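*Asks:*
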Amino acid sequence: MGDVRETELDLGALAAALWRHAWILGLVTVVAAILAYVLLSAVEPLYTADTRILIEDRESPLTRPRDAAAVTAERYDESAIQSRVEVLRSRDIATTVIDRLDLTHRPEFEPAAKPSLVDSILIAVGMKRPAPAAATRERVMDTYFARLSVYPIDKSRVIGVDFEAPNAQLAADVANAIAEAFVDLQQKAEQESSMAATAWLEREIDRLRGRVEQAEADVAAYQSSEGLFDTSSNAAGTTSLSSQQLTDLNAELSRAKAARAEAQSRAALVREVLANGGSLETSQEVLNSPLMQRLRERQVALRSEIAQLSTSLLPGHPRIAALQTELGNLNRQVRDEAQKILQSLETAARVAQAREDSLVKDLNTAKAAVASSNEKEIRLRALEREARAQRDLLETFLGRYREAVARSDAEYVPVDARIISRAVPPRKPSWPKKGLLTVVVGLAVLLLGATAILVREFTSGRAFRIIAGEPLAIPDALGEPARPAEPPSVFGSAARLAARERPGTAELAEVLVQPGVRTVLFAGLAGGEGAGEIAVAAARLAARENVRPIILDIGVPGSPALRGEGPGLGELLAGNAAFGEVIRRDDTSRVHYIAIGATDEDPPLQRLTLVVAALAHTYDKVIVVADSLEDWPNEHVRPDLAAVLCRAGVSEAERRRAYQDVLERGARSAILVRLEDGVEAEPETVAA
1 MGDVRETELD LGALAAALWR HAWILGLVTV VAAILAYVLL SAVEPLYTAD TRILIEDRES
61 PLTRPRDAAA VTAERYDESA IQSRVEVLRS RDIATTVIDR LDLTHRPEFE PAAKPSLVDS
121 ILIAVGMKRP APAAATRERV MDTYFARLSV YPIDKSRVIG VDFEAPNAQL AADVANAIAE
181 AFVDLQQKAE QESSMAATAW LEREIDRLRG RVEQAEADVA AYQSSEGLFD TSSNAAGTTS
241 LSSQQLTDLN AELSRAKAAR AEAQSRAALV REVLANGGSL ETSQEVLNSP LMQRLRERQV
301 ALRSEIAQLS TSLLPGHPRI AALQTELGNL NRQVRDEAQK ILQSLETAAR VAQAREDSLV
361 KDLNTAKAAV ASSNEKEIRL RALEREARAQ RDLLETFLGR YREAVARSDA EYVPVDARII
421 SRAVPPRKPS WPKKGLLTVV VGLAVLLLGA TAILVREFTS GRAFRIIAGE PLAIPDALGE
481 PARPAEPPSV FGSAARLAAR ERPGTAELAE VLVQPGVRTV LFAGLAGGEG AGEIAVAAAR
541 LAARENVRPI ILDIGVPGSP ALRGEGPGLG ELLAGNAAFG EVIRRDDTSR VHYIAIGATD
601 EDPPLQRLTL VVAALAHTYD KVIVVADSLE DWPNEHVRPD LAAVLCRAGV SEAERRRAYQ
661 DVLERGARSA ILVRLEDGVE AEPETVAA
């Protein structure tokens, strides 16, 4: 097997196919566009009117309920806006709008309201029943919902309402009626909610009043029966008589303890001064005594007199001695008086101690009384809490009841919806967009047609080509159709001998062995030029240069280019034979060939592309032989080179036309071969 060869997309072939069918595509596109415009012009136009509703809190601060601010944020979130959208789509709104505008008698919504002349005659003669009245409303309702569009505007609290109708004014009227019905429904819902709340609060208030009266009566009765008197003078709480007495005794005991401690400390201070012989002036109790004050004044006077006399008299003088004796007696009186003060302080301390002991006994007695009344007070406090809770609830309900009554009686009922843009009759219909749709239809038909052509090219294989090595080198043009001079040949002496036997064969073999040629077509211009014999001779010469060619006969069964028995190309295309059964080898060379075999009248030529591609993957050269150009299925075989054989009598103009025709039919390049004069290359010979 030879090397596997790859194929590539031939964009030039696709473009050429589109160009060949361009006039058909243009004609079909124009016809389709005109037809679409005519049909769209016959369609009944629809006008779309739109209105906008803003969802916002329209409650005045003066009339806002006390607890309304806590739920404002929740009332306008995304789910709340979507809920209002569903309300606008509800059947209640639809029923209100249909009744308000009397849409059941509008032919735009109910064709049966204005039957055609034929329907009227049929109904009059009894051959057709009129539309049932019960189904009329449902049909109008279906038409209404089919033309209604309600949607929230992104990132806002605005709801859009669009409505389509054959009449511009009707579309605007319906859109505005929907918005007004929505606002009225919201207002009615607020009124009904306030009235329902008022009725419920009234019933609850009547019930709570009885419960509050009963609770307060229970508190008073329990206090009276258990002797739990309230001695508090403020509203902060209640204090029973025993608890108040306990509180007073506790305070009195604290004062008694303080008085006893103070008396004991004073007595201890005076006692310490007397015991240590200290100065009595340090004791406040001694200084506060009037007698002690007079004695101290006398002491000071005697000491002053003794000091004055001591300056003029001796210490043993009788006067000084008398004064010293008097001073000593005075000091004894001071100490005796201090001792009396100490005794009075100790007596006061004992009295304070006795008072404290008495208060302790009274306090213990009060504690026992309070302990015995705690259970009763707990029950009393429970009754008071229940009465207080019922009273607070009653006051709350009374406040809400007054607000609900005020909102129900007043004409001011704010709603959270406001129409910010009313619909106006549109000037242009929203459907159909004749210009745009005509262009779309034209482009669609054009694309579909181009797609069909491209699919046809792909399925036929003409959209692909074998990847070639080097570009095909075409011999230089010759002036006159005569045997060319001896060109440089790639063949040896044996090849030159074969060329003398059949003129021009060596030159064709030189072209075959070039690397840019993979698929070659040999065909006669009119048929009968012996294309098969020349192809075999050229292939035999090429095979001598280590080129492995295969010849494929696609001529008509009546005049095959290659003779052979057994299955051939016809059986291969029909799927009745495999490649190994149809490929044969030339006895005198390395050339392989496939005869035409037995073919049907309409063979499956679409498989021919696959056959040629498969052979190109295996062999170096695929030589396709056709008796004439008419036998060449150019839609399935796109050769790299087409060698067209013509007789000597063919004019130059005919040769040029044949050359151009071969290129237009898909060959990449072409050469013309005149049988008597060898190879002739047209002046316009180029790679396709």
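For what it's worth, the UniProt record's numbering labels the leading residue of the sequence shown as 1, then goes sequentially. From the three backbone atoms N, C-alpha and C, an ideal C-beta is built for every residue, glycine too. Please read these numbers as outputs of a predicted model, since none were measured by experiment.
Using three-state DSSP, classify Leu103 as helix, strand or coil.
*Replies:* Helix, per DSSP.
*Asks:* In or out: His636 buried (at least 16 other Cβ within 10 Å) or exposed?
*Replies:* Classification of His636: buried, given that the 10 Å Cβ count is 16 or more.
*Asks:* Helix, strand or coil for Arg518, going by three-state DSSP, please let me know.
*Replies:* Coil, per DSSP.
*Asks:* Use the C-beta contact count for Tyr144: other C-beta atoms within 10 angstroms, 16 or more gives buried, fewer gives exposed.
*Replies:* Looking at its Cβ environment, which holds 16 or more other Cβ atoms inside 10 Å, Tyr144 is buried.
*Asks:* Measuring straight from C-alpha to C-alpha, what distance separates Arg638 and Pro45?
*Replies:* So the alpha carbons of these two residues sit roughly 53 Å apart.
*Asks:* Going by the CB atoms, is the gap between Gly516 and Asp627 shorter than 9 Å?
*Replies:* Not in contact: Asp627 and Gly516 (Cβ atoms no closer than 9 Å).
*Asks:* Less than 8 Å between C-beta atoms, sequence neighbours within five positions excluded: which residues of the same chain meet that for Gln324?
*Replies:* Around Gln324: Ile306.
*Asks:* By alpha-carbon positions, which one of Gln343, Leu541, Gln244 ends up nearest to Lys367?
*Replies:* Of Gln343, Leu541, Gln244, the residue nearest in Cα terms is Gln244.
*Asks:* Would Pro567 pass as a contact of Glu581 if the rule is Cβ separation under 9 Å?
*Replies:* The answer is yes: Cβ separation under 9 Å.
*Asks:* Verify whether the separation of the beta carbon atoms of Pro152 and Gln214 is less than 9 Å.
*Replies:* Going by C-beta atoms, Pro152 is not nearer than 9 Å to Gln214.
*Asks:* Are the CB atoms of Ala267 and Glu384 within a distance shorter than 9 Å?
*Replies:* For Glu384 and Ala267, no; Cβs fall outside 9 Å.
*Asks:* Report the residue ranges of all alpha helix (DSSP H) runs contained in full by the region 167-216; include only those spanning at least 4 residues, in chain order.
*Replies:* Runs of the alpha helix (DSSP H) inside the region 167-216: none found.
*Asks:* Please determine if the region 351-363 and the region 174-192 are in contact, where contact requires at least 3 C-beta pairs separated by less than 8 Å.
*Replies:* No, because fewer than three Cβ pairs between the region 351-363 and the region 174-192 fall closer than 8 Å, the two stretches do not touch.
*Asks:* Does the beta-carbon distance from Ala171 to Pro426 come in below 9 Å?
*Replies:* It is a contact, given that the beta carbons lie within the stated cut-off.
*Asks:* According to the neighbour-count rule (16 or more other Cβ atoms, all chains shown, within 10 Å of its Cβ), is Thr451 buried or exposed?
*Replies:* Flag for Thr451 reads exposed.
*Asks:* Please determine, among Asp154, Glu164, Leu103, the residue with the shortest C-alpha to C-alpha distance to Arg139.
*Replies:* Out of Asp154, Glu164, Leu103, Leu103 has the C-alpha closest to the C-alpha of Arg139.
*Asks:* So is Ile34 buried or exposed if we call it buried at 16+ other beta carbons inside 10 Å?
*Replies:* Exposed, since its Cβ has fewer than 16 Cβ neighbours within 10 Å.
*Asks:* Indicate whether Val445 and Leu525 have their beta-carbon atoms separated by less than 9 Å.
*Replies:* In this structure, Leu525 does not lie closer than 9 Å to Val445 by Cβ.
*Asks:* Can you tell me which residues form a DSSP beta bridge with residue 775?
*Replies:* With the chain running from 1 to 688 in the structure shown, residue 775 is simply not present.
*Asks:* Mind reading off the beta-carbon distance from Leu394 to Val158? Whole number of angstroms is fine, and I expect it under 8 Å.
*Replies:* That pair is no contact at about 44 Å.
*Asks:* Specify the secondary structure class of Arg674 as computed by DSSP and reduced to three states.
*Replies:* Looking at Arg674 - three-state DSSP - the assignment turns out to be strand.
*Asks:* Checking the sheet assignment: what are the DSSP bridge partners for Gly524?
*Replies:* The partner list for Gly524 (beta bridge, DSSP) reads Ser628, Leu645.
*Asks:* Less than 6 Å between C-beta atoms, sequence neighbours within five positions excluded: which residues of the same chain meet that for Leu148?
*Replies:* Correct list, in chain order: Phe163.
*Asks:* Could you pull the start and end residues of the beta strand (DSSP E) that Glu164 belongs to?
*Replies:* Where Glu164 is concerned, the enclosing beta strand (DSSP E) stretches over 158-165.
*Asks:* Are the CB atoms of Ala189 and Gly442 nearer to each other than 9 Å?
*Replies:* No; because the gap between Cβ atoms is not below 9 Å, this pair is not in contact.
*Asks:* Could you tell me whether the region 505-521 touches the region 534-543, using the rule of 3 or more Cβ pairs below 8 Å?
*Replies:* Yes, they touch.
*Asks:* Please go through the same chain and pick out, in chain order, the residues whose beta-carbon is closer than 8 Å to the beta-carbon of Val591, but skip the five residues on each side of it.
*Replies:* Closer than 8 Å at Cβ, skipping near neighbours: Val536, Ala539, Arg540, Ala543, Pro549, Ile550, Ile551, Arg585.
*Asks:* Answer with buried or exposed for Arg665, where buried requires no fewer than 16 other C-beta atoms within 10 angstroms of its C-beta.
*Replies:* Buried.
*Asks:* Would you mind sorting Thr48 into buried or exposed? The rule is 16 or more other CB atoms within 10 Å of its CB.
*Replies:* Buried, because 16 or more other Cβ atoms sit within 10 Å of the Cβ of Thr48.
*Asks:* Which whole-angstrom value describes the C-beta separation of Val85 and Val150, a residue pair presumed to lie in contact below a C-beta threshold of 8 Å?
*Replies:* Going by Cβ atoms, the distance from Val85 to Val150 rounds to 5 Å, so yes, they are a contact pair.
*Asks:* DSSP state of Val511, grouped into three classes?
*Replies:* Val511: helix per DSSP, three-state reduction.
*Asks:* For Arg647, count neighbouring Cβ atoms within 10 angstroms of its own Cβ and tell me buried if that reaches 16, exposed if not.
*Replies:* By the neighbour-count rule (16 or more Cβ atoms within 10 Å), Arg647 is not buried but exposed.
*Asks:* Specify, as a first and last residue, the run of the beta strand (DSSP E) that Ala578 falls within.
*Replies:* Neither: Ala578 is in no beta strand (DSSP E) and is coded neither H nor E.
*Asks:* Across which residues does DSSP place Val360 in a beta bridge pair?
*Replies:* Answer is none; Val360 lacks a bridge partner.
*Asks:* For the ligand FAD, I want to know if Val158 counts as a neighbour, meaning its beta carbon is within less than 8 Å of at least one of the ligand's heavy atoms.
*Replies:* Among the components modelled here there is no ligand, and therefore nothing to report on the ligand FAD.
*Asks:* Between Val174 and the rest of its own chain, which residues show a CB-CB distance below 6 Å, the 5 nearest in sequence each way excluded?
*Replies:* For Val174, where only same-chain residues beyond five positions count, the Cβ hits under 6 Å are Phe163.
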